[in-house]
Amino acid sequence: MQDFNNRVAVITGGGSGLGRELALCCAGRGMRLVLGDVDEAGMQETLRLVAEAHPGTEAVTMRLDVSRLEQVQELAALSKSRFGGAHLIFNNAGVSVNGPIWQSTEHDWDWVLGVNLYGVVWGIKAFTPMLIEQNEGHIINTASAAGWLNGPSSGIYNASKTSVVAISETLALDLRDAQANVGVTVLCPAFFPTGIHQSERNRPADKADTVEKSEVSLKRAAALKYAVEHGRIPAADIAEMTLKAVEKDQFYVFPHRKIKQLVKLRAEAADREEGVFDSMNP
Ligand SMILES: NC(=O)c1ccc[n+]([C@@H]2O[C@H](COP(=O)([O-])OP(=O)(O)OC[C@H]3O[C@@H](n4cnc5c(N)ncnc54)[C@H](O)[C@@H]3O)[C@@H](O)[C@H]2O)c1
Numbered sequence: 014m015q016d017f018n019n020r021v022a023v024i025t026g027g028g029s030g031l032g033r034e035l036a037l038c039c040a041g042r043g044m045r046l047v048l049g050d051v052d053e054a055g056m057q058e059t060l061r062l063v064a065e066a067h068p069g070t071e072a073v074t075m076r077l078d079v080s081r082l083e084q085v086q087e088l089a090a091l092s093k094s095r096f097g098g099a100h101l102i103f104n105n106a107g108v109s110v111n112g113p114i115w116q117s118t119e120h121d122w123d124w125v126l127g128v129n130l131y132g133v134v135w136g137i138k139a140f141t142p143m144l145i146e147q148n149e150g151h152i153i154n155t156a157s158a159a160g161w162l163n164g165p166s167s168g169i170y171n172a173s174k175t176s177v178v179a180i181s182e183t184l185a186l187d188l189r190d191a192q193a194n195v196g197v198t199v200l201c202p203a204f205f206p207t208g209i210h211q212s213e214r215n216r217p218a219d220k221a222d223t224v225e226k227s228e229v230s231l232k233r234a235a236a237l238k239y240a241v242e243h244g245r246i247p248a249a250d251i252a253e254m255t256l257k258a259v260e261k262d263q264f265y266v267f268p269h270r271k272i273k274q275l276v277k278l279r280a281e282a283a284d285r286e287e288g289v290f291d292s293m294n295p
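Reminder that position 274 of the sequence shown reads as 287 in the numbering used here, one-by-one numbering, no gaps.
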C-alpha cells in the first residue's frame, strides 16, 4: 500500500513504546487510528500526543487483551463500524519474562504466548477477511531479532517471536495462493528504548505465578533493561522504517543491520553441525 491518506490503521499495544510511535507516524500520513491496549491511560496519552502533533486526526481506542479472540474480533468490528474498514493492521502488543526455561511457570507460558503469539494469530484471524474483501490492506507483525537468534533466559519470548516469523511467512504465502491484494511485513528489531523490560506491569492477576528470581536471572533481567534503555535506534525511527517498508511492500524488516550478520553466522554454525550458536559471543 502506498496511499495512506484517510485509510485506517489498527495498532495493538498502541498505549506505549513502538505502538505509540506507529500511531504518530500513521497520523502524520493522514490516517485514522484504532488503538487497542490493556492500558487505557497509555492510549489516552498516545491520543494526546497525536492531537498535539497532528490536530484533527480521527481516532478511537478500545481497552482489550489481545490474547482473547473475541476481544480482537470486537476491535475489528469497532474499526468497521466507526471507520468503514481497516487497512494497516499492526499486531504489535508484546510482553517479556525472564528465567531459565525449566523454571518458567505455566502462567509465564500462558501469559507471554497469549500476548505475543496468540495476539498476532487473533489479529490475523479477525482482520484478514476484511482486508481480502476490501482488496486492499497490509498486515504488520512485530516479531523481534529474537525470532531468529535465541539468547539465554528468554526461552518463552524467543519461542513466541520465532513463531511470529513463521506465521508471517506462511500468511504471506497463503495470501499469494489466494491471489489477495494484501501485503505482509514482519518487523525484527533488536533492543530499542521502550517499556518492554517493565512488562510485569501488564501481567494479569490470574497469571501471577512466575519464575523465582535467582542471581543469574536477576543479572539477565538487568542486562535486558540496560540493552533496552541504551538501544541506539529510537522507537520513532523504527516506526518510520516500518511505514516505509509497507510503502515498498517489503516483507522482512531488520532495523538493526548487525542482526542479519548474526542470522548468517547462525545458519553457518548449523551448517557445520557444531555446538549451539551464541549470538552474544558469535
Ligand atoms: N523494545 C524492544 O527492545 C523490542 C525489541 C524487539 C521487539 N519488540 C517488540 O515490540 C513490540 C512493542 O513493544 P514495546 O517495545 O513498544 O514495549 P512496550 O511495553 O512499551 O509496549 C507494549 C504495549 O503492549 C501492551 N500490552 C501488553 N499486554 C497486552 C495485552 N494482553 N493486550 C493488549 N495490549 C497489551 C502494553 O500495555 C504496552 O502498551 C512487542 O511485540 C515487543 O516484543 C520490542
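Just so it is clear, CB atoms sit at the ideal spot from N, CA and C, and this is done for glycine as well.
- DSSP places SER167 in the strand class (E or B) of the three-state scheme.
- With distances taken between CA atoms, ARG189 lies nearest to THR141 out of GLN211, LEU231, THR141.
- Distances from the CA of ILE24 to each of GLN15, LEU60, TYR239, ASP250 were compared; the closest alpha carbon is that of LEU60.
- Beta-carbon to beta-carbon, LYS273 and PHE267 are separated by about 5 Å, close enough to satisfy the 8 Å threshold.
- Around the beta carbon of ARG33, 16 or more other beta carbons sit within 10 angstroms, so the residue counts as buried.
- In terms of side-chain proximity, the C-beta atom of SER292 is found no nearer than 6 Å to any non-hydrogen atom of ligand 1.
- At least one heavy atom of ligand 1 is found less than 6 Å from the C-beta of ASN215.
- Under the three-state reduction of DSSP, ARG45 is assigned to strand.
- Less than 7 Å divides the Cβ of ASN105 from the Cβ of GLY26.
- With respect to the 7 Å criterion, LEU184 and VAL197 are classified as neighbours on the basis of their beta carbons.
- Closest option to GLU260, judged by alpha-carbon separation, among ALA64, ARG270, VAL195, GLN57: VAL195.
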